[in-house]
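> In full-length UniProt numbering, the protein residues as written are 1 to 253. Ideal placement from N, C-alpha and C gives every residue a C-beta, glycine not left out. Just passing along the structure, written as structure tokens.
Structure (structure tokens):
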């Protein structure tokens with residue numbers, strides 16, 4: 001009987017990385033918020049029982065992550081920072097950059113999450129919020145006339161979904177949806193999924209978005225969910241067809 005292969009050991013984390021995690025835990029335990037001052041370097045050395053070099057490297061790690069901010073001069077020191085959603089999406093996007101994501105991968109999640117977001121926002125948006133969504137849809141009132149305009153319309157259409165995500169009361173749900181809109185936008189551009197022009201995708205997408213806006217305005221959660229689910233299904237079919245055409249062009253070349 002063959003012997004079971006031992007599991008590969010996880011790489012050992014360096015001491016500064018471990019200390020950086022301890023500092024993060026300490027900040028969370030004390031409920032510190034953005035802008036709160038952190039202890040001095042001398043206090044950190046005493047609190048965590050580590051050498052000056054280790055503490056400094058741990059603080060550099062946290063600063064690179066955007067979790068702390070260091071200021072010099074009078075009133076300077078280290079303060080609790082905040083990782084913005086834009087920065088978080090950019091870092092996460094770097095992780096997926098070489099993962100060969102497909103349109104199907106992205107829509108598998110979009111079809112689950114976006115209808116629920118739409119339903120949760122029905123009757124919850126202000127007149128200004130609704131007007132902002134309508135202004136985005138107004139950016140593509142007619143089918144694109146060329147590939148460049150088609151690209152711009154694709155990106156603008158995805159901004160509709162990203163903006164809708166920013167209205168979410170569930171921050172995790174909103175972040176996931178806005179991140180998917182971003183990577184789909186990036187995918188559309190660097191794989192040229194906007195070419196050739198697709199009038200039916202424009203027509204169906206715009207019609208569904210306007211319908212979702214009406215459902216949000218009237219507070220009809222079930223209609224908002226239904227329309228968004230239909231929008232996602234139709235968009236997936238069209239985008240997968242675009243992706244297949246791109247692959248054919250790539251193979252032919």
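#1: Pull up the distance between the alpha-carbon of residue 60 and that of residue 48, whole angstroms please.
#2: To the nearest whole angstrom, what separates the beta carbons of residue 216 and residue 130, a pair I think is in contact under 8 Å?
#3: From 119, 136 and 97, pick the residue whose C-alpha is nearest to that of residue 173; which is it?
#4: Pick out the complete beta strand (DSSP E) segments inside the UniProt domain "HTH gntR-type" (13-83), 3 residues or longer, and give them in chain order.
#5: In or out: residue 185 buried (at least 16 other Cβ within 10 Å) or exposed?
#6: Do residue 80 and residue 65 have their C-beta atoms closer together than 8 Å?
#7: In its own chain, which residues sit with a C-beta less than 6 Å from the C-beta of residue 108, not counting the 5 before and 5 after it?
#8: Near residue 188, which residues of its chain fall below 6 Å by C-beta distance, leaving aside the five closest residues on each side in sequence?
#9: Touch check for the region 162-170 and the region 93-100: three-plus C-beta pairs under 8 Å?
#10: State the Cα-Cα distance for the pair residue 29 and residue 38, rounded to the nearest angstrom.
#11: Helix, strand or coil: which one does DSSP assign to residue 159?
#12: Count the other CB atoms, across all protein chains shown, that sit within 10 Å of the CB of residue 33; report buried if there are 16 or more and exposed otherwise.
#13: Just mark residue 1 as buried or exposed, buried being the case when its beta carbon has 16 or more other beta carbons within 10 Å.
#14: Let's see if you can read the secondary structure: which residues bound the alpha helix (DSSP H) around residue 141?
#15: In the DSSP assignment, find the unbroken alpha helix (DSSP H) run with residue 115 in it and report its ends.
#16: Any idea if residue 19 is buried or exposed, counting beta-carbon neighbours within 10 angstroms, 16 or more meaning buried?
#17: If you pair each beta-carbon of the region 137-148 with each one of the region 227-244, do three or more pairs fall below 8 Å?
#18: Thinking C-beta only, is residue 85 closer than 8 Å to residue 175?
#19: Taking residue 125 as the reference, give the member of 213, 67, 26 and 146 with the closest Cα.
#20: According to DSSP, is residue 147 part of a helix, a strand, or is it coil?
#21: Please state if the CB of residue 89 and the CB of residue 182 are separated by a distance shorter than 8 Å.
Reading it off the structure:
#1: In the chain shown, the residue the question calls residue 60 occupies position 60. In the chain shown, the residue the question calls residue 48 occupies position 48. Rounded to whole angstroms, residue 60 to residue 48 spans 16 Å at the Cα level.
#2: Locating residue 216 in the chain shown gives position 216, where the first residue counts as 1. Locating residue 130 in the chain shown gives position 130, where the first residue counts as 1. Residue 216 to residue 130, Cβ: 7 Å. Contact.
#3: In the chain shown, counting from the first residue as 1, residue 173 sits at position 173. Ranking the options by Cα distance to residue 173, first place goes to 119.
#4: 68-71 and 77-80
#5: Translated into the one-based positions of the chain shown, residue 185 becomes position 185. Per the 10 Å Cβ criterion, buried.
#6: By 1-based counting over the chain shown, the position of residue 80 is 80. By 1-based counting over the chain shown, the position of residue 65 is 65. Not closer than 8 Å, so no.
#7: Within the chain shown, numbered from 1, the residue matching residue 108 stands at position 108. Nothing listed; no residue qualifies.
#8: The residue you call residue 188 lines up with position 188 of the chain shown. 154 and 194, listed in sequence order.
#9: no
#10: For the purposes of this step, residue 29 is taken as residue 29 along the chain shown, with counting starting at 1. For the purposes of this step, residue 38 is taken as residue 38 along the chain shown, with counting starting at 1. Answer to the nearest angstrom: the Cα atoms are 13 Å apart.
#11: For the purposes of this step, residue 159 is taken as residue 159 along the chain shown, with counting starting at 1. In the structure shown, residue 159 sits in a helix (DSSP, three-state: H, G or I).
#12: Taking the first residue of the chain shown as position 1, residue 33 is located at position 33. Its Cβ having fewer than 16 others within 10 Å, residue 33 is exposed.
#13: Translated into the one-based positions of the chain shown, residue 1 becomes position 1. Note that residue 1 scores 49 on pLDDT, short of 50, meaning its location in the model is unreliable and no value can be drawn from it.
#14: By one-based count along the chain shown, residue 141 stands at place 141. Element bounds for residue 141: n/a, residue is neither H nor E.
#15: As a first step, residue 115 must be located in the chain shown, where it is residue number 115. 103-121 is the span of the alpha helix (DSSP H), which, as asked, contains residue 115.
#16: As a position in the chain shown, residue 19 is number 19, starting the count at 1. Classification for residue 19: buried.
#17: no
#18: Along the chain shown, read from residue 1 onward, the residue named residue 175 stands at position 175. Along the chain shown, read from residue 1 onward, the residue named residue 85 stands at position 85. Yes. Within cutoff.
#19: What you label residue 125 is simply residue 125 of the chain shown in a count that begins at 1. When only C-alpha atoms are compared, the closest one is 213.
#20: Along the chain shown, read from residue 1 onward, the residue named residue 147 stands at position 147. It is helical.
#21: Indexing the chain shown from 1 puts residue 182 at position 182. Indexing the chain shown from 1 puts residue 89 at position 89. In this structure, residue 89 lies closer than 8 Å to residue 182 by Cβ.
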